[in-house]
Amino acid sequence: MLQHRVEGGAGDRVRSEDVPTPNVMAALSNRIENFVFNADVEMGFSRWYSRYKEVFTEDARQLPEPARVRLLCEKLDNVAFEKYQRHVLPRNVSDIGYQDTVDNLKQLFDFRASEFTTKYQCLKLEKSVNKDYLTYTGRVNEFCEKAKLHDLDSDGIIRAEVANRGRNPATTHRNTRQRVQSRSENFFA
């Protein structure tokens, strides 16, 4: 049930009126882009869902749970919906609760990489010529958080550097320590 404010001569008063669920769903649906899984641009479900989570949890809270599930499934492209539908067989999509639907979609359409692979990818990041520094910095921040680089000690950084560069560990160890020391001195200067 939605409440609308009605202006009257003596002041404002609030009245309640029923707004049909299809109208609410249509209005919410227009605010949400379709989810299209694309591994090339790392568009996983969690990233898409984080953008629209408030619409599903706050703006759609007046909808019954089955309607929120329908709204969520409606925003999946055909390929993603069919994959999800096959994944939950023999159950029907409409028989699954909202949170279980979200969890299943995250399981199906999120990227999974080992901790080593994530750290390696983080160290391989390079700024392309056509990207500005703010975009590049944001990407570095995102990858560093995913890779949990803040948890690495100096030996962990050296091992990651060896894996990244493929050099002699003794030389890399010395060079990396020198670079880290130099950067920290420059940082605090």
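Numbering of the sequence shown is given in this note's numbering, commencing with residue 893 and proceeding in unit increments. Where a beta carbon is used, it is the ideal one built from N, C-alpha and C, also for glycine.
Item: Asn930 in three-state terms, based on DSSP; Value: strand
Item: Gln878 versus Arg953 - alpha carbon distance; Value: Coverage of the chain is limited to positions 893 through 1081, which leaves residue 878 absent and any answer about it impossible.
Item: Same chain, Cβ closer than 6 Å to Gly936, five either side skipped, listed in chain order; Value: Phe1001, Asp1002 and Phe1003
Item: 8 Å contact criterion, which Ala959 and Met917 should meet: CB distance rounded; Value: 6 Å
Item: Proximity of Val947 and Arg962 at Cβ, strictly below 9 Å; Value: no
Item: Span of the alpha helix (DSSP H) around Glu946; Value: Phe937 to Glu946
Item: Residue environment, Thr1131, which counts as buried when at least 16 other CB atoms sit within 10 Å; Value: The requested residue 1131 is not part of the displayed model; the chain covers only 893 to 1081.
Item: Counted within 10 angstroms of its Cβ, other Cβ atoms place Leu964 as buried (16 or more) or exposed; Value: buried
Item: Residues sharing a beta bridge with Leu920, DSSP; Value: BP columns for Leu920 are empty, so no partner.
Item: Option in Phe927, Pro956, Asp951 and Ser942 with minimal Cα separation from Tyr976; Value: Phe927
Item: Close-in-space but distant-in-sequence residues of the same chain around Val980 (CB under 7 Å, 5 per side omitted); Value: Ile988 and Asn996
Item: Among Arg1031, Leu1026, Glu974 and Tyr1025, nearest to Leu1017 - alpha-carbon criterion; Value: Arg1031
Item: Integer-rounded CB distance, given that Lys998 should sit under 8 Å from Ser942; Value: Ser942 to Lys998, Cβ: 11 Å. No contact.
Item: Environment of Lys1023 [buried if 16+ CB atoms lie within 10 Å]; Value: exposed
Item: For Leu968, the three-state DSSP class (helix, strand or coil); Value: strand
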